[in-house]
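Residue numbers (the numbering used here): 1019 to 1910. Take a look at the structure below.
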């Protein structure tokens, strides 16, 4: 290594090729790989060495390239995912056994963590041909995955070991890490079409090969010629008045093109899902620490960030509102709503009932998608094309059009593959600013957030305070429920009223509530912004209701499963909000199956380890399939058989790792009787698909899937011959729904009143071990799910396991803390996310209870598993610690 001036001469090997480079010592290996070598398979997830997405091998040892300085690699051998792919060409079909193992078992979801994960696995297996569970965990301890829950990753490591070193892996000592069985539900619709071709098979992820070799193009991987870069200037205070933003000195700094502020916004300076109350750039007042007051645009990311750090806005800090009590007292309220059924006050006076009361506190929680937000806005002849990792391309298109004072036709949004979503990418974050910059400068502009910026700017799971009171008859039947729920919506409305409404609808859980009252208040504070997060307000209600049920079971001496079965919804029942359930109601089946499996496993744990302390906790949940509440649930598909005989499918929807694209292909193949390889698929583009609602609320399988099936059925009725292209399209709309507060619809529609198209149901239980008076470890998760019909078992298993992992984290360790408006956690490793060593064993029970509206009876699964997993853990820990758990995270 030779240093001359600001650069040094380095010699090293990169993917078996000798490299001689002149590079500045300040640069990291990750910077070099992505910016100079143009090897985009290595991902930047955190920049602090926590997440592992940037893992490469240096002399055969896994290293996090985001914290490895270039001077550290002199004379070293570097292997990236591109090099591993090259090594894989010697194997069948040119796929490395490690990659094949991940694809075989379904260990690939969003794919953002996968390249780093595969390299860590290679290093592990190079040194340990028959790894144990503990050795796998040690080898992957620096690699996070937010999607899978790690179960399938561990299975993939074992499978890869078997393929690479078969003689040393005759036994699979981890085969029972994940077990799945199928049951037929009792209350499903009678379906005329019974899948027999490919629906129900665990086929590979349709983009899985690209995900495992690092060639799938995420937003920050896009190559856009002659592009400027943007960096935000933030308020830095939770509440304040802007006196001045002096950008004159910054304009002369190296590479700076322009500093944009509120005065540069061509149209309406605001965005938001319900009210467009969040400024693109704040003009007069700031409401949280990561409010954007300016955007520095420069010729490189480094110049943009350096200049942004030199902008010091003059902001007078003002007193803020930092608690829900303060907000309520001073009238800072987004929404108040309530619902009552029966006669709660009369029920409270009944004799012989036992009353359970408790209050619960739940914090903000960060989504922690592996991929930080990134967007690129391309300007061409008064048109703006935004490439971004969004769940809601059409909603974003409409907002940007208003911000730029353009028609919707002048704005195109293309959703790039998402490195995780979970609700965080429903709302705009950086796209409005990128679009404004591109439009004003008539030049392409891209913005990529650092992990600290992503954590600061994006929405969180709402913090909640709930107060629950419930009365029970001596046989365990619920007499009444009286619930009060308060949420912290943060500085801007976002989806907060919708989340609160959903909390009230599901306040009583999947149970018959003949006398019930739920009231809710959504508060405005200067804390973190609240938004959509897997479950959308149901989780906070479930934590409360399921804890109350467990306490009632304890006081009445009733089994925790039996009290749930006693009250479980079934066909013909009304939900608490008034919807009559007709079919595909698998709650009773799920409870029964979960009970049998759980009690047997608990007995085995106690028998096999008599000196250890095991405790069981159970909970149930159900969740809407579809946005509902008066919104139009729709889906569209166009299927074309091309002149060559191949198919082109354009379908509404977004894939964020939940297997949407794979499932849509399977549904099409089931009708067309073809292979997934025969279909090219387009989605997530406002120019190339039907207009549709965002990828939220477990809606896509039902709506888009149904559209795909119907479009394909129309196509096969048409004549086709080589050289001729024929098409068919179908737009599906789910049955009409109504808001909780729509009193008129409730009266007029009667039994036809519904809040959602349909529901998914689940019963879960955990078996955990008490390690000490302050520590527990979840050892086993039992999850019984009514899925309608399983399109792809691996996808469903992965969604359940990933959701349960999030639920376990929510209960035990995860939170996003804000102290008087200032974020406490600023790095990925501070969020308390589950790691691979926290992975329990899973028994999954898939109950097929077909839904008439769904494609072949299928319905959504991507969110519902998060609902009961946290309260199941809370209930188990309550037994272990001998006190009722009312605050999460428990171990924080």
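We put the CB at the ideal spot given by N, CA and C, even for glycine.
Could you compute how far the alpha carbon of residue i sits from the alpha carbon of residue j?
i	j	result
residue 1809	residue 1681	7 Å
residue 1872	residue 1130	30 Å
residue 1075	residue 1135	11 Å
residue 1110	residue 1186	21 Å
residue 1806	residue 1693	24 Å
residue 1196	residue 1816	10 Å
residue 1750	residue 1292	24 Å
residue 1418	residue 1469	24 Å
residue 1898	residue 1623	15 Å
residue 1674	residue 1363	46 Å
residue 1141	residue 1183	14 Å
residue 1646	residue 1178	44 Å
residue 1449	residue 1420	13 Å
residue 1066	residue 1423	39 Å
Let me know if residue i comes out buried or exposed under the rule of 16 or more other beta-carbons within 10 Å of its beta-carbon.
i	result
residue 1054	exposed
residue 1078	exposed
residue 1191	exposed
residue 1838	exposed
residue 1385	buried
residue 1662	exposed
residue 1507	buried
residue 1653	buried
residue 1354	exposed
residue 1900	exposed
residue 1551	buried
residue 1882	buried
residue 1125	buried
Beta-carbon separation of residue i and residue j under 7 Å?
i	j	result
residue 1313	residue 1226	no
residue 1042	residue 1025	yes
residue 1102	residue 1357	no
residue 1748	residue 1713	no
residue 1388	residue 1164	yes
residue 1380	residue 1520	no
residue 1858	residue 1797	yes
residue 1794	residue 1906	no
residue 1886	residue 1637	yes
residue 1707	residue 1658	no
residue 1246	residue 1403	no
residue 1774	residue 1755	yes
residue 1688	residue 1217	yes
residue 1198	residue 1820	no
residue 1847	residue 1068	yes
residue 1567	residue 1534	no
residue 1594	residue 1531	yes
residue 1477	residue 1836	no
Which of helix, strand or coil does DSSP assign to residue i?
i	result
residue 971	The structure shown does not extend to residue 971, since the chain is modelled only from 1019 to 1910, so the question has no answer here.
residue 1660	coil
residue 1400	coil
residue 1456	helix
residue 1308	coil
residue 1561	helix
residue 1045	coil
residue 1302	coil
residue 1296	strand
residue 1025	strand
residue 1539	strand
residue 1138	helix
residue 1823	helix
residue 1812	helix
residue 1080	strand
residue 1841	strand
residue 1321	helix
residue 1598	strand
Would you say residue i lies against chain D (beta-carbon separation less than 7 Å)?
i	result
residue 1035	In the displayed structure, chain D is absent; only one protein chain is listed.
- What are the complete alpha helix (DSSP H) segments, minimum 4 residues, inside the segment 1731 to 1793? 1761 to 1767
- Ignoring anything shorter than 4 residues or poking outside the segment 1693 to 1736, list the alpha helix (DSSP H) runs there in chain order. Counting only runs of 4 or more, we get 1718 to 1733.
- Item | Whole runs of the beta strand (DSSP E) within the segment 1328 to 1400, excluding any shorter than 3 residues | 1332 to 1335, 1351 to 1359, 1372 to 1380 and 1392 to 1398
- Query: Fully enclosed by the segment 1173 to 1245, which alpha helix (DSSP H) runs are 4 residues long or longer?
  - Reply: 1226 to 1231
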